[in-house]
Amino acid sequence: MTQVDPRLLRNAFGSFMTGVTVVTAVRADGAPVGFTANSFSSVSLDPPLLLVCPGKFLSSYETFANCTNFAVNVLSEGQEGISNIFASSKDDRFAQVPHHLDAHGVPLITGAAVQFSCTTNRIVPAGDHCILIGQVDAFSHADAAGLGYVNGHYFSLGLERAPFVEKSGPAVCGAIVESGDSVLMVVTKDGLRPPHCTHTDRGRLINDLRDTLIAKGIDADLGQAYSVFESVAPRAHNTYFLATGHIKTTNSGIVAVPIADLAQQSFASAPIARMMSRFALEQQTRTFGLYLGDTEEGATHHSTLRT
Ligand SMILES: Cc1cc2nc3c(=O)[nH]c(=O)nc-3n(C[C@H](O)[C@H](O)[C@H](O)COP(=O)(O)O)c2cc1C
0 MTQVDPRLLR
10 NAFGSFMTGV
20 TVVTAVRADG
30 APVGFTANSF
40 SSVSLDPPLL
50 LVCPGKFLSS
60 YETFANCTNF
70 AVNVLSEGQE
80 GISNIFASSK
90 DDRFAQVPHH
100 LDAHGVPLIT
110 GAAVQFSCTT
120 NRIVPAGDHC
130 ILIGQVDAFS
140 HADAAGLGYV
150 NGHYFSLGLE
160 RAPFVEKSGP
170 AVCGAIVESG
180 DSVLMVVTKD
190 GLRPPHCTHT
200 DRGRLINDLR
210 DTLIAKGIDA
220 DLGQAYSVFE
230 SVAPRAHNTY
240 FLATGHIKTT
250 NSGIVAVPIA
260 DLAQQSFASA
270 PIARMMSRFA
280 LEQQTRTFGL
290 YLGDTEEGAT
300 HHSTLRT
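Going by numbering that gives the first Met the number 0, the sequence shown opens with residue 0, and the numbers climb by one from there.
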């Protein structure tokens, strides 16, 4: 039999996109226990069965390997913090997370996209894990987008799709292009702004942004969406991406502004000034979030990187 490198296998398993759940039960002494799991799967509709795989390394393994009842909470977008608590916190996990008890006295996590209350149907030994199969006694399904997980990163379909959601009015698509310690900006009569294009056909936005950058003499690789907002004057749907690149041709109206000097610059609009000051700050730690909102209100979403 050929040897399988466990580290490579772990990475290979990790490329399967999943949701994230918190599995809960009650210890013999009455204390609630729970752990983060992405080994969840639906199994059968009739009877209604699901499964999850607790690892033997869990401090709560004995509880799950012998439980009569347990619950599976499918986490919703924005619950990365709860996932991290149930994956690593050494403090009382339930003291940090709002929850209530189901009919079996098992904790259900408030705000989860789905909560399944189960009676154990079968426990199958499986290597360094076991397969815990549960019969669903009750479940509640909120209208919330689930939290996703792949290759050690959380993701959220709602947030990933947001930049591409159809809205009326013209769309502006721009790029904050990092070039070494500087960022490449266009000089306009109103002040600096990232290179951008404006379009009414949103299907072509990213291609047009690429063409715009080439036309301005910028060779760039586009990265993650960084800021998505509605502006009123001018009325537009704005999407800005992060990018890295360099200027290929001079005299194209592009200047390289040192990131350390961004705070002293005059920008073409208040939303651009706010976006660039967030960029200057986040660039120091390289923890870039995604801003979603309008020019008045919004929130920055930070996905957490786990290794
Ligand atoms: C996204 C994610 C998915 C996980 N999936 C599982 C899983 O399916 N089974 C498992 O035993 N541990 C899984 N873990 C690891 C456990 O959550 C973690 O080892 C556990 O909470 C540690 O709890 P303990 O300190 O009580 O042992 C996962 C962790 C993360 C972050």
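Each residue gets a CB set at the ideal place from its N, CA and C atoms; glycine is no exception.
Just so it is clear, the structure is predicted and the values come from calculations on it, not from any experiment.
Pair within 8 Å by beta-carbon distance, residue i and residue j
i: E76; j: A170; result: no
i: G190; j: A267; result: yes
i: T333; j: V51; result: Only positions 0 to 306 of the chain appear in this structure, which leaves residue 333 out of reach.
i: V227; j: L291; result: yes
i: S58; j: N150; result: no
i: V105; j: V73; result: no
i: F69; j: T23; result: yes
i: A219; j: T243; result: yes
i: I246; j: I217; result: yes
i: Q134; j: P46; result: yes
i: L48; j: I122; result: no
i: V176; j: I258; result: no
i: S276; j: A255; result: no
i: G54; j: D127; result: yes
i: K215; j: G252; result: yes
i: Q78; j: L146; result: yes
i: D136; j: T109; result: no
i: V19; j: S82; result: yes
i: V3; j: F39; result: no
i: T211; j: P194; result: yes
DSSP bridge partner residues for residue i (one or two, in chain order)
i: T218; result: Reading the sequence as shown, one finds Asp at residue 218 and not Thr. Paired residues: H245.
i: C196; result: C172
i: I130; result: V123
i: I253; result: V185
i: V135; result: C117
i: V149; result: H152
i: F240; result: A174 and A224
i: S230; result: A235
i: F266; result: L191
Neighbourhood of residue i by C-beta distance below 8 Å, restricted to the same chain and skipping five residues each side
i: Q223; result: F240, L241, F287 and L289
i: L100; result: P106 and L107
i: L304; result: Only weak support exists for where L304 lies, its pLDDT of 41 falling under 50; the value from the coordinates is given anyway. Closer than 8 Å at Cβ, skipping near neighbours: G151 and H152.
i: N10; result: N150
i: A235; result: G168, P169, A170, V171, T197 and E229
i: S140; result: Going by the sequence as given, residue 140 is His instead of Ser. Correct list, in chain order: A112 and V113.
i: D307; result: Any answer about residue 307 is impossible in this case: the structure gives the chain only from 0 up to 306.
i: E281; result: F287 and G288
i: F138; result: V113, Q114, F115 and S116
i: T238; result: P162, A170, V171, C172, G173, L204, A224, S226 and V227
Contacts around residue i, its chain only, beta-carbon distance under 7 Å, and the 5 residues preceding and following it disregarded
i: I84; result: R92, Q95 and V96
i: P31; result: T23, V25, F93 and P106
i: S41; result: L49
i: H310; result: Since the displayed the chain opens at 0 and closes at 306, residue 310 lies outside it and no answer follows.
i: N120; result: L48, I132, G133 and Q134
i: A272; result: F266
i: A279; result: I258, L261 and A262
i: R192; result: M184, V185, F266, A267 and I271
i: H98; result: P106, L107, I108 and T109
Beta-carbon contacts of residue i that lie in its chain and below 6 Å, excluding the five residues immediately before and after
i: T17; result: N37 and Y148
i: S265; result: G190
i: T62; result: A24, R26 and V32
i: T299; result: G288 and Y290
i: D274; result: One point to set straight first is that residue 274 is Met, not Asp, in the sequence displayed. S226.
i: N65; result: none
i: I130; result: L50, C52 and V123
i: F154; result: G147
Cutoff 8 Å: residue i Cβ touching any chain B Cβ
i: K247; result: Within the model displayed, chain B is absent; a lone protein chain is all it includes.
Requested in this report: Go through the segment 67-111 residue by residue and report every complete run of the alpha helix (DSSP H) that reaches 4 residues or more, in order.
Outcome: Those alpha helix (DSSP H) runs which fall completely within the segment 67-111 and span 4+ residues are 79-87.
Query raised in the report: Can you list the alpha helix (DSSP H) stretches of 4 or more residues lying completely in the segment 2-72, in chain order?
Result: Fully enclosed alpha helix (DSSP H) runs of 4 or longer: 5-13 and 60-64.
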